[in-house]
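Student:
There are 2 protein chains.
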Amino acid sequence: MADSFAERFAAVRAALGPLVFGADPHGPVLRDWGLNDDADGLERFTDIVLGAAAGTVGLIKPQSAFYERHGWQGIRALARLVETARAEGLLVILDVKRGDVGSTNAAYAAAYLGDGAPLQADAITLSPYLGLGAMGEFVDRARLSAAGLFVVVRSSNPEGRAVQGAAAGGGLTVDQRLLADIGALNARLAPGVVGPVGAVVGAGRVDPPLDLAAANALLLAPGIGAQGAGPADVAATFAACPDRVLPSASRSLLAAGPDAGALRDAAARLNQELRALL
Amino acid sequence: MADSFAERFAAVRAALGPLVFGADPHGPVLRDWGLNDDADGLERFTDIVLGAAAGTVGLIKPQSAFYERHGWQGIRALARLVETARAEGLLVILDVKRGDVGSTNAAYAAAYLGDGAPLQADAITLSPYLGLGAMGEFVDRARLSAAGLFVVVRSSNPEGRAVQGAAAGGGLTVDQRLLADIGALNARLAPGVVGPVGAVVGAGRVDPPLDLAAANALLLAPGIGAQGAGPADVAATFAACPDRVLPSASRSLLAAGPDAGALRDAAARLNQELRALL
Numbered sequence: 468m469a470d471s472f473a474e475r476f477a478a479v480r481a482a483l484g485p486l487v488f489g490a491d492p493h494g495p496v497l498r499d500w501g502l503n504d505d506a507d508g509l510e511r512f513t514d515i516v517l518g519a520a521a522g523t524v525g526l527i528k529p530q531s532a533f534y535e536r537h538g539w540q541g542i543r544a545l546a547r548l549v550e551t552a553r554a555e556g557l558l559v560i561l562d563v564k565r566g567d568v569g570s571t572n573a574a575y576a577a578a579y580l581g582d583g584a585p586l587q588a589d590a591i592t593l594s595p596y597l598g599l600g601a602m603g604e605f606v607d608r609a610r611l612s613a614a615g616l617f618v619v620v621r622s623s624n625p626e627g628r629a630v631q632g633a634a635a636g637g638g639l640t641v642d643q644r645l646l647a648d649i650g651a652l653n654a655r656l657a658p659g660v661v662g663p664v665g666a667v668v669g670a671g672r673v674d675p676p677l678d679l680a681a682a683n684a685l686l687l688a689p690g691i692g693a694q695g696a697g698p699a700d701v702a703a704t705f706a707a708c709p710d711r712v713l714p715s716a717s718r719s720l721l722a723a724g725p726d727a728g729a730l731r732d733a734a735a736r737l738n739q740e741l742r743a744l745l
Numbered sequence: 468m469a470d471s472f473a474e475r476f477a478a479v480r481a482a483l484g485p486l487v488f489g490a491d492p493h494g495p496v497l498r499d500w501g502l503n504d505d506a507d508g509l510e511r512f513t514d515i516v517l518g519a520a521a522g523t524v525g526l527i528k529p530q531s532a533f534y535e536r537h538g539w540q541g542i543r544a545l546a547r548l549v550e551t552a553r554a555e556g557l558l559v560i561l562d563v564k565r566g567d568v569g570s571t572n573a574a575y576a577a578a579y580l581g582d583g584a585p586l587q588a589d590a591i592t593l594s595p596y597l598g599l600g601a602m603g604e605f606v607d608r609a610r611l612s613a614a615g616l617f618v619v620v621r622s623s624n625p626e627g628r629a630v631q632g633a634a635a636g637g638g639l640t641v642d643q644r645l646l647a648d649i650g651a652l653n654a655r656l657a658p659g660v661v662g663p664v665g666a667v668v669g670a671g672r673v674d675p676p677l678d679l680a681a682a683n684a685l686l687l688a689p690g691i692g693a694q695g696a697g698p699a700d701v702a703a704t705f706a707a708c709p710d711r712v713l714p715s716a717s718r719s720l721l722a723a724g725p726d727a728g729a730l731r732d733a734a735a736r737l738n739q740e741l742r743a744l745l
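From first to last, the protein sequence lines stand for chains A and B.
In this text, residue positions in the first sequence follow my numbering: the first is 468, and each later residue adds one.
In this text, residue positions in the second sequence follow my numbering: the first is 468, and each later residue adds one.
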């Protein structure tokens, strides 16, 4: 059996640091880099990002939306990115935020998890409006392939509170309840160790509190730099379990491009800073 | 300015009936139809479904998961389905259930809505865990292109209650509050007429009640037949505004294939049945 995603994260964290490089080819980034805002520009973008990321960070997170924007040619570029990154030893978290009824989730799981998946990632993100209980197909396939899942629990944007801050019973908000349910699931799936079901938790907001350590989950913290939270905020928010946090930066890193050396330096610097704090 | 999605739905409903043909190439369906479970099988599947749907129903709804399962070749098949269906006069609802922070939603909107989108649909589905308030880019682009949006409000699966049934304040559950917010948005965007922001509402569950008529929204009711609800359930659930309901059937129709005539007969029969009830 392959090492679990949590074990593989621990290894790359020890070797290089916890930073996740967000490979998000926003239109403005492509323009700033002198690339065409088309599928060809995406291919060039991924080459530059891979050149900077490999050996500098342990993880890369492409956001699917920026590839879907270019249709099937964009997905072809994404597939090449995912495959090349994994071949170079990077862990790939594919940020797709999928989530549907069970039979549809089975198809999504087959698309992104396990041998034979056309875009096989090491981990994917999921969106839980249709319920954690509908995600059994994701959990089963993640376990079979030693992959990871990151369910959005508390997003970094304020508009998310309308749903995430609702009262889910027992004195818990929706996000608190979801994290507790993830913890119960991990305790059953992987007793005593960090489980396969992680959570996406924005670094900025701490109220109401989340019992982060109890979930025995990896915690993906997106948007470091661009969405308002810096390394010190990450350290403060996740003080209860700093070794389980995966801070992700995209636009704040990509601003250093397109020079691969400058990109690499920016990523190495941020990784060192996070390593010292977490 | 083109007719709004609501106006175009009203026209096809009057001509043919309200049924939405769910084009969901589940693995077992492909096998039952004697097709390969690969991108080539998908292309054959879409040809058969288009042959049966055009002239029989007014709307077709491909579920993206079943195309993503075959990587970029699957997305290429989906793009051809969407384009061909629209050229043949079908309205296409692309079931993608996307939803993220604002800047990512802008990329998703560019992928699926408006001229120049690589997979231009007439309407798409959205998932609101990150908030209706983060969907401004979808709303703006839908208005510019006279497209429709369907935000999941109440899903047809019981596991969804963990989030959708939480208490969102003012005595409303999350789904009730979301539908009220959609109604307020439609009243601002399209005063006095059916607005561009619709809702996905499962046909089976009626408790707690949803104020369906007040939202001035189209209502997509998925999974007729396969997920437990029949035409009579649709009529009962949506009695307050039967002319705004889009009942969608997939597996229960596809069971009549692969013969195009048998598929067409099954769709025509169900469309007639729904037309008589709604």
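Yeah, the Cβ is synthetic: ideal placement off N, Cα and C, and Gly gets one too.
As the structure is a computational prediction, the values presented were derived from the model and not from experiment.
Within 10 angstroms of the Cβ of Gly583/B, are there 16 or more other Cβ atoms? Answer buried if so, exposed if not.
Tutor: exposed
Student: Listed in chain order, which residues of the segment 511 to 537 of chain B have Cβ atoms closer than 7 Å to some Cβ of chain A?
Tutor: Gln530, Ala532, Phe533, Glu535, Arg536 and His537
Student: Examine chain B for any beta-carbon lying closer than 9 Å to the beta-carbon of Leu545/A, and answer yes or no.
Tutor: Interface residue, yes.
Student: For a contact defined as C-beta to C-beta under 7 Å, what are the partners of Val630/A on chain B?
Tutor: Neighbours of Val630/A on chain B, chain order: Pro595, Tyr596, Gly598, Val630 and Val641.
Student: Under DSSP, the alpha helix (DSSP H) around Ser570/B begins and ends at which residues?
Tutor: Gly569 to Tyr579 is the extent of the alpha helix (DSSP H) around Ser570/B.
Student: Are the Cβ atoms of Val668/B and Thr704/B separated by less than 9 Å?
Tutor: Between Val668/B and Thr704/B, the C-beta gap is smaller than 9 Å, which places the two residues in contact.
Student: In the structure shown, what three-state DSSP assignment does Val661/A receive?
Tutor: Of the three classes helix, strand and coil, the one that applies to Val661/A here is coil, per DSSP.
Student: Residues in the same chain with beta-carbon distance under 6 Å from Ile591/A, minus the five sequence neighbours each way, listed in chain order, please.
Tutor: Leu561, Val563 and Tyr579
Student: Could you spell out where the beta strand (DSSP E) holding Leu558/B opens and where it closes?
Tutor: Leu558 to Arg565
Student: Spatial neighbours of Pro714/B within its chain, please: C-beta separation below 8 Å, excluding the five flanking residues on both sides.
Tutor: Pro485, Leu486, Val487, Ala670, Ala688, Ile691, Pro698, Val701, Leu741 and Leu745
Student: Which residues in chain A sit within 7 Å of Ala577/B, going by Cβ to Cβ distance?
Tutor: Residues of chain A passing the Cβ test: Arg536.
Student: Any beta-carbon of chain B closer than 9 Å to the one on Ser612/A?
Tutor: no
Student: Would the beta-carbon of Ala519/B fall within 9 Å of that of Glu555/B?
Tutor: no
Student: Is it buried or exposed for Pro495/A, if we count other Cβ within 10 angstroms and need 16 for buried?
Tutor: exposed
Student: How far does the alpha helix (DSSP H) with Ala729/A in it reach, from first residue to last?
Tutor: Ala727 to Leu744
Student: Answer with yes or no whether the minimum CB distance from Asn572/B to chain A is below 9 Å.
Tutor: yes
Student: Name the chain A residues that come within less than 9 Å of Val568/B, Cβ to Cβ?
Tutor: Ser622, Ser623, Asn624, Glu626, Gly627, Pro689, Gly690 and Gln694
Student: Tell me which residues of the segment 580 to 594 of chain B have at least one Cβ-Cβ distance to chain A shorter than 8 Å, keeping chain order.
Tutor: If the cut-off is 8 Å between Cβ atoms, the segment 580 to 594 of chain B has Pro585, Leu586 and Ser594 near chain A.
Student: Rounded to a whole number of angstroms, what is the C-alpha to C-alpha distance between Thr571/A and Phe533/B?
Tutor: 8 Å
Student: Looking at Ser594/A and Gly632/A, is the spacing between their C-beta atoms short of 9 Å?
Tutor: no
Student: What runs of the beta strand (DSSP E), each 3 residues or longer, lie entirely inside the segment 652 to 728 of chain A?
Tutor: 664 to 668, 686 to 688 and 712 to 716
Student: With a threshold of 9 Å between beta-carbons, can Gly494/A be considered close to chain B, or not?
Tutor: yes
Student: Which chain B residues are close to Trp500/A, counting only those with a beta carbon under 8 Å from its beta carbon?
Tutor: The premise fails here: Trp500/A is roughly 16 Å from chain B at the closest Cβ pair, so nothing lies under 8 Å.
Student: Do Gly489/B and Ile542/B have their CB atoms nearer than 9 Å?
Tutor: Not in contact: Gly489/B and Ile542/B (Cβ atoms no closer than 9 Å).
Student: Checking contacts by CB at 9 Å: is Arg644/A closer than that to chain B?
Tutor: yes
Student: According to DSSP, Phe488/A sits in a beta bridge with which residue or residues?
Tutor: Ile527/A and Ala716/A
Student: Should Leu483/A and Asn738/A be called a contact, given that it needs their Cβ atoms to be closer than 9 Å?
Tutor: yes
Student: Only counting the same chain, and skipping five residues up and downstream in sequence, which positions put a Cβ closer than 8 Å to that of Gln530/B?
Tutor: Gly489, Ala490, Asp491, Asp562 and Ser717
Student: Take Asp710/B and list the residues in its own chain whose beta-carbon comes closer than 6 Å to its own, dropping the five residues that flank it on each side.
Tutor: none
Student: Under a CB-based cut-off of 9 Å, is Arg655/B close to chain A?
Tutor: no
Student: Return yes when the Cβ of Phe617/A is within less than 9 Å of the Cβ of Tyr575/A, no when it is not.
Tutor: Going by beta carbons, Tyr575/A and Phe617/A fall outside the 9 Å limit.
Student: Looking at the structure shown, is Ala521/A part of a helix, part of a strand, or coil, going by DSSP?
Tutor: The three-state secondary structure of Ala521/A, taken from DSSP, is strand.
Student: What residue range does the beta strand (DSSP E) around Gly615/B cover?
Tutor: Gly615 to Arg621
Student: Which residues in chain A sit within 7 Å of Val701/B, going by Cβ to Cβ distance?
Tutor: Neighbours of Val701/B on chain A: none; closest Cβ ~17 Å, over 7 Å.
Student: Determine the extent of the alpha helix (DSSP H) in which Leu548/B is found, giving its start and end residues.
Tutor: Gly538 to Ala554
Student: In its own chain, which residues sit with a C-beta less than 8 Å from the C-beta of Glu510/B, not counting the 5 before and 5 after it?
Tutor: So the qualifying residues of the chain are Ala544 and Arg547.
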